[in-house]
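Student: I'd like to ask you about the structure that follows.
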Amino acid sequence: LGVAQDGAVLFLSQVETQATIRAFFPPGTLSPMHASGIGKALLAEMDSDRLDHLLRGQTLAIFTKQTIANQERLRADLKGIRILGYAIDNEEKSTGMRCIAAPVFDMNAEAIAGISVSGPTSRIQIDEIEHLGQAVKDAAHHLTLAIGGVSKSQVSER
4 LGVAQDGAVL FLSQVETQAT IRAFFPPGTL SPMHASGIGK ALLAEMDSDR LDHLLRGQTL
64 AIFTKQTIAN QERLRADLKG IRILGYAIDN EEKSTGMRCI AAPVFDMNAE AIAGISVSGP
124 TSRIQIDEIE HLGQAVKDAA HHLTLAIGGV SKSQVSER
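According to my numbering, the sequence shown holds residues 4 to 161 in order.
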């Protein structure tokens, strides 16, 4: 579970696996939004003015050869994320690690947090992304409802 804080993702909580190789983000860890599943899920839900303000003049750090460090490419990726309803960090922060994340919405249909599943590419393989993406999306939807939130799709149905 993570939230946006000062242009980064602040990780609040994590459920640990017993597997030896794992992603570990202790509470309080900060990660750049452009190279994080949760960060990209939150960026994708921002209105264009807020996104422009956040990215204005910012140099996107490169962590791996997969990192999206070009703002135009990032914006194109965010457009796809909005359509899918989940984001993928495909070895963008750490080589050999993948993350699939979806936004959690408040009562105003604002993305206030994100949840994700992360792990090594050997366990989260490309052919599993669609299935895991749907599972993360469903979990985020249930959490949204549990806190009294509504997703943007629920607002458009009204």
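By construction, the Cβ of each residue, glycine as well, lies at the ideal position given by its N, Cα and C atoms. Everything numeric in this text was worked out from a predicted model, so none of it was measured.
(1) Among D130, G122 and A138, whose alpha-carbon lies nearest the alpha-carbon of D28?
(2) Is the region 72–92 touching the region 32–46, taking contact as three or more C-beta pairs under 8 Å?
(3) To the nearest angstrom, how far is the alpha carbon of T67 from that of R101?
(4) If the criterion is Cβ atoms closer than 9 Å, does the pair Y118 and A142 meet it?
(5) Check the DSSP bridge columns for I91 and list the partner residues they point to.
(6) Can you tell me which of the three DSSP states L58 falls into?
(7) Tell me the rounded alpha-carbon separation between A138 and S154.
(8) Check for me: the beta strand (DSSP E) holding A7 runs from which residue to which?
(9) Assign G99 to one of two classes, buried (16 or more other C-beta atoms within 10 Å of its C-beta) or exposed (fewer than that).
(10) Go to V63, then tell me how far its alpha helix (DSSP H) extends in each direction, as first and last residue.
(11) Starting from V139 and walking both ways along the alpha helix (DSSP H), at which residues does that stretch end?
(12) Please name the residue, chosen from L87, G88, Q61 and I103, that lies closest to E94 on a Cα-to-Cα basis.
(13) Suppose you measure from the CA of P35 to the CA of L58; what does that come to, to the nearest Å?
(14) Excluding sequence positions up to five away, which residues of its chain have a Cβ less than 7 Å from the Cβ of L4?
Tutor: Well, looking at it:
(1) Note that residue 28 is Phe in the sequence shown, not Asp. Nearest C-alpha to F28: G122.
(2) yes
(3) Computed Cα separation, rounded: 12 Å.
(4) Strictly speaking, residue 118 in this sequence is Ile, with Tyr absent from that position. Cβ atoms of I118 and A142: closer than 9 Å.
(5) I103
(6) If DSSP states are grouped into helix, strand and coil, L58 belongs with the helices.
(7) 16 Å
(8) G5 to Q8
(9) exposed
(10) A small correction: the amino acid at residue 63 is Leu; Val does not occupy that position in the sequence shown. Taken as a continuous stretch (DSSP letters only), L63 belongs to no alpha helix (DSSP H), as it is neither H nor E.
(11) I132 to A149
(12) Proximity to E94 across L87, G88, Q61 and I103 peaks at I103, based on C-alpha coordinates.
(13) 12 Å
(14) L15, S16, A116 and I118
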